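Everything below concerns the one structure shown next.
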Amino acid sequence: MSDMKENVKQEISWYNNEIERFKSFLSNWLEELNYKVQIRSEQVTRNEEFSGQYETKEYQFIIGDNLKITVKPFAIRIIGAKGRIDVDGSSGSEKFVYLTGDGPNVQTQIGDNTNSKNSVKCYLKIYCYRDNLY
Numbered sequence: 025m026s027d028m029k030e031n032v033k034q035e036i037s038w039y040n041n042e043i044e045r046f047k048s049f050l051s052n053w054l055e056e057l058n059y060k061v062q063i064r065s066e067q068v069t070r071n072e073e074f075s076g077q078y079e080t081k082e083y084q085f086i087i088g089d090n091l092k093i094t095v096k097p098f099a100i101r102i103i104g105a106k107g108r109i110d111v112d113g114s115s116g117s118e119k120f121v122y123l124t125g126d127g128p129n130v131q132t133q134i135g136d137n138t139n140s141k142n143s144v145k146c147y148l149k150i151y152c153y154r155d156n157l158y
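First residue of the sequence shown: 25, per the working numbering; consecutive thereafter.
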């Protein structure tokens, strides 16, 4: 097996392990808050340009009697990060990325002067996690 294929295989394995860790983190957090949680998993196939086709898992959390959130693998390779997991629920979707270094710092300003009353600053809403966070 070539080094490139071996590296891709290792990335897929790493990503699947991170998805499992994230699922466990979320499950433990909900249980600490005394929520009754059921977790269902589904095998899904992802296809990325660099990694090709691979198998991973998607998780559905049923919280209480009717609240559902889904943990969805998005991609292994992300600009400025390594791996993205989306969490979807009835009130919207949140994106989690795994930062390997300092990561990106994104800031957008609308208007021509930071002190102007007509100027608005917007920050990209992406939650980031690293090994030491959970």
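Ideal placement from N, C-alpha and C gives every residue a C-beta, glycine not left out.
Predicted, not measured: the structure shown is a model, and the values here were computed from it.
query                                                                                                       : result
Using only CA atoms, which one of S114, I109, G116 and G104 lies nearest to L50?                            : I109
Which of the three DSSP states, helix, strand or coil, is assigned to I36?                                  : helix
So, with DSSP's three-state summary, where would you put F98?                                               : strand
Could you tell me the alpha carbon to alpha carbon distance between E3 and V61, rounded to whole angstroms? : With the chain running from 25 to 158 in the structure shown, residue 3 is simply not present.
Taking N71 as the reference, which of Q84, F98 and W38 has the closest Cα?                                  : F98
For the beta strand (DSSP E) that contains K60, what are its first and last residues?                       : Per DSSP, K60 belongs to no beta strand (DSSP E) and is neither H nor E.
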